[in-house]
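Here's the structure, in structure tokens; my notes come after.
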Amino acid sequence: MNVRAELERKLSEALRGAGAGENAVAMVALSARAQFGDYQANGAMAAAKQAKTNPRALAEQTVAIARESLGDMVESLEVAGPGFINIKLSGAWLASRCDAVAGDERLGVPQPDAPQTVVVDSSSPNLAKEMHIGHLRPTILSDAVARILGFLGHRTVRQNHVGDWGTQFGMLIACMEEIEAQSGPRAVTALQDLDTFYRQARAKFDSDPEFARRAREAVVRLQSGEEGALRHWRGFVDISLRHAEALYERMGVDLHREDVRGESAYNRYLPGVVQSLREQGLLTESQGAQCVFLEEFRIKDGDILPVIVQKSDGGYLYATTDLAAIRFRCGMGKTEGVVDWSGDRVLYFTDVRQTLHFQQIFAVARAARFAPEGVSLEYVPFGTIMGPDNRPFKTREGEPVRLVDVLNESVQRARALVDEKNPDLPESDRDAIASAVGIGAVKYFDLAHNRTSDYVFAWERMLAMEGNTAPYMQYAYTRVRSIFRKGLEQGGTEPGSVAIAEPAERALALKLLQFPETIASVAAEAYPHLLCNYLFELAGAFMSFYESCPVLQAATDALRASRLALADLTARTLQTGLRLLGIETVERM
Ligand code: ARG
């Protein structure tokens, strides 16, 4: 029940019926100005140009045909300016559509015609260190998009492509071996503080050439499968993952051990990647390294930028691993019986600084047919989180801020808010609310920004009770729910069929019906901020409605039941929308 898509389909048919070309589309969008209508169709001008006819006449003709096909869905259809078509939906139609949605668990969101398997590369931190602020965005954004795709009815496969095979492990292993040589066997998992251990190893590595040599040698032993090195490595991977999992759980992120397929998992596929490239004639040796040169990476009038897949010493690179991963995700994993899926779409969430890397591996994967043509490879980049000084968010010591510290501080600040607003609630309730609000605030603030831009991490703004924030959205939800609590004491809460008379009722009904199209665009383009904007507008439409339209005190029983239905639908839509963003709701605040 996607209103926009329905209008676009019918108006496109009308446009073609009016003489536009076979491929003409009506291009229906939300109206730029509410006084002109609810939606507008912008496609007549381009279609007229193509068909070499007068755009206004084509629009008029389209309207004449669409009046028939749209029937009682619209109240008015008008041509404006050079050939825009303004569309106003009818109140009766909005009301009956709300009734239909009220009876639908999916709130009107249609199942896809062809469900896809969507692989979502999620979170993917480099291990051996604790997660920091830089890991917030790939974790939060990918979780929201995966939830939305799953809700739509696609099969989502999360893949946590952790960096578990890098040279940083050499240092840690060498450090551990040194400790063991001094004081006997040790289990890595007994380490209390991973970050401190990492810093110690790093300091030794930087200051002691003999230690650095041993660390490099440990990498070689690890990668050639020596049991001693592997044993420590497993320990480091395990504690890093346990640490990450504790954060995922606390943040309500749906990522688990079975979603981890780290760099090391592709190790055995790397020689095959290089060999396949060689067999297909795509490989060139350059200064001892194995490279792929593709014309599309020619620098203006100059050389071609190589994609290096094997270094002169035989070592593989980040790109080689990603090529193996693409191959795995696009069918090889299934062919080999390792997994039971093969992706139709693969989404990668990383910092915008990895743009070139993904352009390169996608291009090589296409050239080598590691990804069949039908599979969509999509890079979903995002900007940087800045500190108050407008530079990447760091601690005073210049280290990236630890994620656990960010969450702790946010919950603590939220707790102060709750204590102030609601000192009489029992302690345990205040704890639960502070956790939902504090975690929600950090996540929502991230999701509400257009992911492609940088943003400044500002506590006051993310925890504000006003504006497009988690606390405001969570509060708006409790406001709606409180009507139902009060209603139980005042003559019942049974919703009935929707009738629309007041402008605020109409505006709310229209917003409610735009949930499906919002979900569809978030799924298509992986922009969760579109859902945040929508929910914020919905909450605003509800607040206006609530101010001007008494619900429990409505003049008649029928009116009361209609308004209860709108309120109930609002609560369900807010709750579902927030849940899809990974934001918890509470019953009171
Ligand atoms: N571990 C990488 C980093 O921290 C991100 C990995 C993203 N996923 C991928 N398939 N390359 O930068």
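Heads up: take any position in the sequence shown, counting from 1, add 1404, and you land on the working numbering. Cβ coordinates follow ideal geometry from the N, Cα and C atoms, glycine included. Given the structure is predicted, the values throughout are model-derived calculations rather than measurements.
Could you compute how far the alpha carbon of residue i sits from the alpha carbon of residue j?
| i | j | result |
| --- | --- | --- |
| I1469 | F1888 | 45 Å |
| E1801 | V1808 | 17 Å |
| D1748 | R1731 | 12 Å |
| L1914 | Q1979 | 18 Å |
| A1945 | L1970 | 11 Å |
| D1663 | V1561 | 8 Å |
| A1619 | D1612 | 11 Å |
| L1576 | E1649 | 21 Å |
| Y1720 | V1713 | 6 Å |
| D1705 | A1767 | 20 Å |
| T1989 | M1877 | 9 Å |
| V1742 | A1845 | 39 Å |
| A1930 | V1432 | 20 Å |
| R1408 | L1498 | 13 Å |
| A1959 | R1819 | 41 Å |
| L1867 | V1822 | 11 Å |
| R1471 | L1985 | 38 Å |
| F1615 | R1672 | 29 Å |
| P1459 | A1504 | 37 Å |
| Q1763 | A1506 | 44 Å |
| K1715 | Y1722 | 11 Å |
| A1633 | A1622 | 7 Å |
| E1803 | L1595 | 21 Å |
| V1841 | P1875 | 6 Å |
| F1488 | L1935 | 27 Å |
| T1974 | L1939 | 10 Å |
| R1638 | E1582 | 17 Å |
| Q1604 | M1580 | 11 Å |
| P1827 | A1880 | 20 Å |
| G1495 | I1904 | 6 Å |
Which one of the options has the shortest CA to CA distance from residue i?
| i | options | result |
| --- | --- | --- |
| R1967 | P1954, T1977, A1975 | P1954 |
| A1943 | A1903, R1883, K1847 | R1883 |
| G1735 | A1775, S1716, A1448 | A1775 |
| R1992 | L1916, P1830, F1609, Q1894 | P1830 |
| V1592 | H1565, N1564, D1642, D1610 | D1642 |
| F1786 | I1489, V1524, F1701, D1850 | D1850 |
| G1447 | V1478, F1440, M1477, R1413 | R1413 |
| V1513 | V1524, L1917, Y1950 | L1917 |
| D1525 | E1782, D1833, I1708 | E1782 |
| L1751 | A1430, Q1563, D1599, N1872 | Q1563 |
| D1597 | A1874, S1644, I1708 | S1644 |
| S1886 | L1956, N1872, M1869 | L1956 |
| N1530 | P1519, I1552, W1569 | W1569 |
| G1666 | V1657, E1630, A1532 | A1532 |
| A1550 | V1860, P1932, G1588 | P1932 |
| T1754 | E1740, T1788, S1780 | T1788 |
| F1701 | E1653, E1417, I1765 | I1765 |
| L1626 | Q1604, F1573, R1817 | F1573 |
| Q1520 | D1961, A1927, L1982, E1941 | A1927 |
| S1473 | A1418, A1484, A1428, A1455 | A1418 |
Since residue i contacts residue j with CB under 8 Å, what's their CB separation in whole angstroms?
| i | j | result |
| --- | --- | --- |
| D1972 | P1899 | 5 Å |
| R1806 | L1511 | Not really, about 38 Å apart at Cβ, beyond 8 Å. |
| L1462 | A1451 | 6 Å |
| L1760 | T1725 | Not confirmed; about 16 Å, so no contact. |
| G1425 | Q1465 | Going by Cβ atoms, the distance from G1425 to Q1465 rounds to 14 Å, so no, they are not a contact pair. |
| R1501 | M1405 | 7 Å |
| I1843 | S1814 | 7 Å |
| L1681 | V1696 | 6 Å |
Is it right to say residue i is buried, meaning 16 or more other beta carbons lie within 10 angstroms of its own, or is it exposed?
| i | result |
| --- | --- |
| L1545 | buried |
| H1853 | buried |
| R1999 | No answer is possible for residue 1999: it lies beyond the span of the chain, which begins at 1405 and ends at 1993. |
| S1528 | buried |
| M1535 | buried |
| L1892 | exposed |
| A1436 | exposed |
| R1757 | exposed |
| P1589 | exposed |
| I1552 | buried |
| H1660 | exposed |
| M1869 | exposed |
| I1703 | exposed |
Check whether chain B comes within 7 Å of residue i, counting only Cβ atoms and requiring the distance to be less than that.
| i | result |
| --- | --- |
| V1742 | Absent from the structure: chain B. Only one protein chain is present. |
Next item on the list: Any chance you could list the alpha helix (DSSP H) runs of at least 4 consecutive residues sitting entirely within the stretch 1637-1725, in chain order?
Entry: 1674-1683
Next item on the list: List in chain order: all unbroken beta strand (DSSP E) runs of 3+ residues lying wholly within the stretch 1435-1480.
Entry: 1443-1445
Check: Which runs of the alpha helix (DSSP H) fall wholly inside the stretch 1754-1778 and span at least 4 residues, in chain order?
Finding: 1759-1771
Next item on the list: Would you mind listing the beta strand (DSSP E) stretches within the stretch 1537-1598 that are 3+ residues and don't spill past its ends, in chain order?
Entry: 1559-1563
Margin query: My parser needs the alpha helix (DSSP H) runs of 4 or more residues fully inside the stretch 1798-1836; what are they?
Written below: 1807-1825
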